[in-house]
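So the structure is just underneath, and the comments pick up after that.
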Amino acid sequence: MSEEEEEAEERRQAEIDFVSAAYPDEDEAWIEQGNSTGTKCATSTQIHRRLQLTSPSTDDDGGIVGASIDVILSISMPEGYPVEQDAVLLVNARISNDASASSCTNLRKLVINILPSLINSCRSTAQEHAGSEAVFAVLGRADEWVSTDWANVCESSPIVAETVSKDTYRPTSCTDSGLVLGRRLIHSHHIIAPTKRKAIVELAQHYNLGGFSKIGWPGVVIIEGEENDCIAYVDDIRGMRWQHLVVRGEQHVAVGNRLELEEARALPAKMHEVGDKMSIIAEHCKRAGLEELFLTSMKIYKKNCNDDNGDSLSGETDEVLDGPVSPSIFRRYGALCHVDHMNNGKNYRKWLRKAAAAAGCTLMLKEFDANGNAKRPLIIVAIIGEEGDVKRVLKRWRTSRVDIDAKGTPCLERMMDVLVEGNLGQQEHYDDVGDDVLSHIDCLDEEGKLSVSEECLSGLLRTIGSSKWCDEVQSLISNSR
């Protein structure tokens, strides 16, 4: 066995060990080991993951309410994976053999029709990670598909909704008298393809919607117009192929007639593509008085409340607040990490940015020339999001070859330390949090790097992660000098 084959085998085994550790329940995930490379009947190692697709409880006629069906996702590691660029994971999916007895005909039909979407989504993720470890990314994409794409399909499918009134899907802010001005913030893993960029603008024009489209990683689209047109726009956009797409924020404003609707618009009447800088769309939202809507792109919510203009606000979280905004909504999760070095800084930062975006997390990276050696800066990385998402990024970080060694060979990160990890400190005032985050958005470049002074960074860290985050960074800076 050559040195390259030995490396590939070692890296494959590391991923297999990780899957076994991450899914200890054999009914949830299991491994079928292939035989050795080079034998007469060599076979690929396969990883199987059981996914449960559950129907929404909306049909009162008994059809498929409460029903579920299991799908088996199979991932095969071809020869040369993950070392060779063209050795891409082979992904397939099928309905579980034991699903027919417990699932109804309608649900089974729906799953059969939508299964290619799951397969194509996972295959696209595998292709994007060609030449590197991709198992965790594919499994993560499958979980995202179940929680977002499958839910969207259930809502829009006539198989599920044929006996449900259309009023079921109208927002609570819509009334039979008068019109409703609607706004949506749509968050995507990325917006790159020219066809999608064109469709985003043309569909907005078709539905008489205005707003902004931010391309790159992540992709953000903000629309504004008549509520029914916003709903139709989102439905059309979801019909395209996306790695990840979700509506993170909504606003509704009740108006009396179309003239009042046009006067209530806060965004331009037409859709504008604003490039790949998050700071640009943040500034537009701030000028329009829509800071709260923009903050939903980072999963910062002030839910089920009214803003100063009386607009009803909502987001994708399940937490409901009654009365004044509670500080508990800011109990988000974060990890503050120290990276000893990055031999291939550009690719390393690109990997971090994509891994964070795929998990729906915010990435912040700061490099200090604290020891007088510009070639060996002090590197701090912060990952902020939901607890499961942050932990997923950390696991993937530890098990992926994110950098190169002195010989130029891809290697695992062995010198990354998690300084602080846990629930973020409560904030006393919602506005303070929003203003502080917005004030530093323009300091984040396309790689998530912060270009702020040490003093400004200290304030930001204290706001996001409490004094403990600030103290850890200050201690590192002091020790490096």
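For the sequence shown, the numbering used here assigns the number 15 to the initial residue and increments by one for each residue that follows. Ideal Cβ placement from N, Cα and C applies to all residues, glycine included. Predicted model, so just to flag it, every value in this text is computed and none were measured.
query	result
Given 8 Å, three or more beta-carbon pairs between the region 100-112 and the region 127-142	yes
Residues that DSSP places opposite Ser82 in a beta bridge	Thr68
Reference Arg255; option with closest CA among Arg26, Ser82, Ile45 and His203	His203
Helix, strand or coil at Asp157 [DSSP, three-state]	helix
Test item: CB-CB of Pro96 and Gly154 under 8 Å	no
Selected residue, minimal CA-CA separation from Gly5, among Gly422, Gly359, Leu392 and Leu309	As shown, the chain starts at 15 and ends at 495. That puts residue 5 outside it, with no answer to give.
Euclidean distance between Cα positions of Leu490 and Cys375	24 Å
Inter-residue Cα distance where the pair is Asp39 and Glu29	17 Å
Complete alpha helix (DSSP H) runs within the region 226-293 (minimum length 4 residues, chain order)	241-252 and 272-277
For Val105, the first and last residue of its enclosing beta strand (DSSP E)	Leu104 to Ile109
Cβ-Cβ separation, Met429 to His355 (assumed contact under 8 Å), whole Å	7 Å
Whole-angstrom C-beta distance between Ser311 and Arg367, which should lie under 8 Å	Rounded, the Cβ-Cβ distance is 15 Å, inconsistent with contact.
Supposed contact pair Ile295 and Lys228 - C-beta distance, whole angstroms, cut 8 Å	5 Å
Rounded straight-line distance, which links the Cα of Lys405 to that of Arg412	11 Å
Asn166 versus Arg252: straight-line alpha-carbon distance, rounded	8 Å
Extent of the continuous beta strand (DSSP E) to which Ala43 belongs	Ala43 to Glu46
Candidates Met91, Trp164 and Lys409, of which the one nearest Tyr37 by Cα	Lys409
Simplified DSSP state of Leu129, which is helix, strand or coil	helix
Where Val434 sits in the DSSP three-state scheme	strand
Environment of His201 [buried if 16+ CB atoms lie within 10 Å]	buried
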